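To start, the structure itself, in structure tokens.
4 protein chains.
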Amino acid sequence: MAHHDATYVAVIGASNATEWELAMAEEVGRRLGRVGAVLVCGGLGGVMDAAAAGAATEGGTSVGILPGDDRTGASPHLTVAVTTGFGEGRNVLVARSADAVIAVGGEFGTLSEVALALKMGKRVVGLGTWDLRRDDTDADPLIRVDDAETAVQIALGG
Amino acid sequence: MAHHDATYVAVIGASNATEWELAMAEEVGRRLGRVGAVLVCGGLGGVMDAAAAGAATEGGTSVGILPGDDRTGASPHLTVAVTTGFGEGRNVLVARSADAVIAVGGEFGTLSEVALALKMGKRVVGLGTWDLRRDDTDADPLIRVDDAETAVQIALGG
Amino acid sequence: MAHHDATYVAVIGASNATEWELAMAEEVGRRLGRVGAVLVCGGLGGVMDAAAAGAATEGGTSVGILPGDDRTGASPHLTVAVTTGFGEGRNVLVARSADAVIAVGGEFGTLSEVALALKMGKRVVGLGTWDLRRDDTDADPLIRVDDAETAVQIALGG
Amino acid sequence: MAHHDATYVAVIGASNATEWELAMAEEVGRRLGRVGAVLVCGGLGGVMDAAAAGAATEGGTSVGILPGDDRTGASPHLTVAVTTGFGEGRNVLVARSADAVIAVGGEFGTLSEVALALKMGKRVVGLGTWDLRRDDTDADPLIRVDDAETAVQIALGG
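Residue numbers (the working numbering), protein chains in the order written: chain A, 12 to 169; chain B, 12 to 169; chain C, 12 to 169; chain D, 12 to 169.
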């Protein structure tokens with residue numbers, strides 16, 4: 012059972028992921044589970060399932076926030092699955108529920124979660140994810156890292 | 012950890028609850044935890060906290076779906092807390108995430124969750140909750156019971 | 012065009028409505044349009060369409076908040092239709108957007124909107140709609156009326 | 012009144028906008044109003060207000076989808092304002108309600124709407140907005156333009 016003062020970290024990325032992304036997500040999930048953080052994700056396959064599987068191997072707690080009306084397609088490794096019936100609207104809840112976010116690769120859905128988390132003032136760590144620029148600034152709003160260990164350390168405030 | 016094919020049962024009711032309602036909610040939570048069902052609730056105090064506490068005493072799994080932007084006010088007995096920032100809008104997610112609903116007492120928020128669950132075609136069991144009538148029908152859309160054991164049996168399809 | 016300080020009144024009720032309900036909704040819509048109130052509704056058929064049609068005959072402004080991902084099934088009489096993709100979750104937005112609510116008949120969806128509006132502290136006027144009781148109180152949370160003129164007067168604070 | 016088969020175009024951008032962005036948004040709004048398109052926006056100040064003001068000068072129809080619980084801070088130029096109480100979650104509804112999106116400058120909130128609209132498969136036109144790249148592709152998911160006239164033409168499918 013999760014301690015009620017655990018840190019919640021969202022691991023976000025696509026269903027359609029590369030081998031490297033799946034390996035990163037799984038290791039991030041394991042490291043979060045090991046330290047007692049709660050893993051938040053979109054609850055489906057690919058990066059989401061890999062992260063939940065990683066957390067489960069360490070006895071960690073995970074919650075998947077699903078787009079559909081029921082739990083069809085939910086990762087079997089989740090501790091709990093929340094159905095929303097909101098479609099892409101569930102991305103708001105993934106960002107909202109997390110204290111920090113780790114983006115692993117990702118497509119447009121992941122980009123929306125990154126942007127929502129940044130708008131909400133949350134720390135966003137990137138592992139091989141979107142590059143975001145505006146003409147009027149050189150600043151990169153994401154903290155870029157190359158490995159799961161550093162991603163988790165930074166997400167947890169280290 | 013919750014089994015991925017667990018039944019999800021929402022226990023809904025007010026923060027401001029009577030002793031009888033709290034006792035009922037706590038026993039419902041214990042019985043759900045004992046059989047491995049996942050408890051869904053609104054995540055705050057009163058009936059919600061009592062149900063989560065009951066589930067926790069049996070090693071059960073619970074998820075609270077919170078109205079606010081952060082986990083302030085969340086029951087410490089929850090396995091996981093999902094923050095929505097949707098205010099009353101989170102009631103939709105409580106109803107949506109559950110396979111069946113047990114209403115214990117309750118005020119307008121509980122009534123909204125009962126109505127949403129009925130609209131979604133879910134089984135709703137009532138313990139001392141709202142009486143709902145329309146002029147053109149005698150049918151009561153809720154299954155009324157008087158004790159926690161029967162409430163849980165019916166919610167689980169028994 | 013709606014004046015920016017208009018009152019917003021939701022007219023809620025079922026797609027599957029009686030002749031009396033449709034006539035009431037249409038007259039409520041006409042009276043709201045005549046005084047420059049903005050009509051809010053669920054945007055589909057039955058009571059929703061009748062209210063929007065009534066508003067349109069008086070040059071009134073209406074907004075329909077749709078459950079689906081697109082405007083399929085939207086009343087052609089709406090000034091604007093907002094698509095949500097939230098299914099029943101859009102009921103929260105109907106209640107939230109209104110300053111007062113007039114319920115005309117209605118099924119479980121209408122009941123959820125009545126309950127959400129009451130929870131949000133809004134005035135709810137009932138025309139042949141749900142009877143709501145709790146054992147511990149005799150108070151009826153709705154203001155019951157028998158005709159459209161009185162319903163609109165009360166909804167507008169008269 | 013909007014024709015029920017109008018095209019809905021979201022104009023998205025920040026409250027805190029440059030003179031150039033405000034001028035672009037206002038001209039986009041005017042051009043949308045002139046052709047009978049419905050303008051969708053986030054309903055507040057800056058780019059949102061400028062677009063609504065532009066639409067109003069041409070007798071156009073606009074809907075603002077607000078983050079808060081009431082219409083405080085809403086642009087006075089809107090035809091209708093929908094209150095959501097969803098905070099940043101309202102960005103999903105801005106993207107969902109539109110058939111096409113024109114992004115004018117913008118910060119993280121705008122970026123989230125761009126990403127959500129792309130995820131939903133909608134055409135997104137950019138006027139001085141975010142640059143989005145992934146390492147594994149050179150493709151720019153936005154259609155970049157330099158003036159309001161071209162932005163509206165492309166958003167309307169021209």
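Don't be surprised by glycine CBs; every beta carbon is placed ideally from N, CA and C. Just so you know, these numbers come straight off a predicted model, no measurement behind them.
Against chain A, the beta carbon of residue 55 of chain B has no neighbour under 9 Å; the closest one sits roughly 13 Å away.
Using a Cβ-Cβ cut-off of 9 Å, residue 108 of chain D does not count as an interface residue toward chain A, since no Cβ of chain A sits closer than that to its own. Neighbourhood of residue 81 of chain A in chain C, by CB distance below 8 Å: empty, with the nearest CB roughly 12 Å away. Beta-bridge analysis with DSSP links residue 92 of chain A to A/75.
Within the region 40 to 76 of chain A, the runs of alpha helix (DSSP H) that reach at least 4 residues and sit entirely inside it are, in chain order, 58 to 68.
Counting C-beta pairs with one atom in each stretch, the region 109 to 116 of chain D and the region 90 to 98 of chain D have fewer than three that are closer than 8 Å, which means they do not touch. Annotation for residue 91 of chain A: 74 place their beta carbon closer than 7 Å to its own, counting only its chain and skipping 5 residues before and after. Bridge partners of residue 20 of chain B according to DSSP: B/50, B/111.
Under DSSP, residue 139 of chain D shares a beta bridge with no residue. Contact annotation: residue 48 of chain C and residue 163 of chain C have beta-carbon atoms nearer than 9 Å.
Per the DSSP secondary-structure output, residue 155 of chain D pairs in a beta bridge with D/137. The beta carbon of residue 95 of chain C falls within 9 Å of a beta carbon belonging to chain A, placing the residue at that interface. Of all C-beta pairs linking the region 13 to 25 of chain D to the region 55 to 70 of chain C, fewer than three are shorter than 8 Å, placing the two stretches out of contact. Taking the CA atoms as reference points, residue 44 of chain A sits about 19 Å from residue 88 of chain B. DSSP, read as helix, strand or coil, puts residue 145 of chain A in strand. Interface annotation, residue 98 of chain A: in contact with chain C, CB-CB separation under 9 Å. In the three-state scheme derived from DSSP, where H, G and I count as helix and E and B as strand, residue 127 of chain B is classed as helix. Listed by position along chain D, the residues whose Cβ is nearer than 7 Å to that of residue 103 of chain A are 99, 100, 103. Neighbourhood of residue 59 of chain A in chain D, by CB distance below 7 Å: empty, with the nearest CB roughly 15 Å away.
Approximately 18 Å separates the beta-carbon atoms of residue 25 of chain B and residue 100 of chain B; this is outside 8 Å, ruling out the contact. A straight-line Cα-Cα distance of about 16 Å links residue 160 of chain A and residue 61 of chain A. For residue 131 of chain C, the C-beta contacts it makes with chain B under 9 Å involve 98, 99, 119, in order along the chain. Across the structure, residue 139 of chain A and residue 154 of chain A are spaced so that their CA atoms are roughly 11 Å apart. Contact of residue 76 of chain B with chain A by beta-carbon distance below 8 Å involves 93. Interface flag for residue 126 of chain C against chain B is set, since a Cβ pair is found closer than 9 Å.
For residue 68 of chain A, the number of other beta carbons within 10 angstroms of its own is below 16, and it is reported as exposed.
Near chain B, meaning a CB-to-CB distance below 9 Å, the residues of the region 35 to 53 of chain A are 49, 51. Each residue's CA atom was taken as its position, placing residue 120 of chain C and residue 105 of chain C some 11 Å apart.
If you ignore the 5 residues before and after residue 27 of chain B, its C-beta comes within less than 8 Å of the C-beta of 57, 118, all in its own chain and listed in chain order. Using a Cβ-Cβ cut-off of 9 Å, residue 87 of chain B does not count as an interface residue toward chain C, since no Cβ of chain C sits closer than that to its own. Taking each of B/144, B/107, B/21 in turn and checking the Cα distance to residue 66 of chain B, the smallest one comes out for B/21. The C-beta of residue 153 of chain C comes no closer than 9 Å to any C-beta of chain B.
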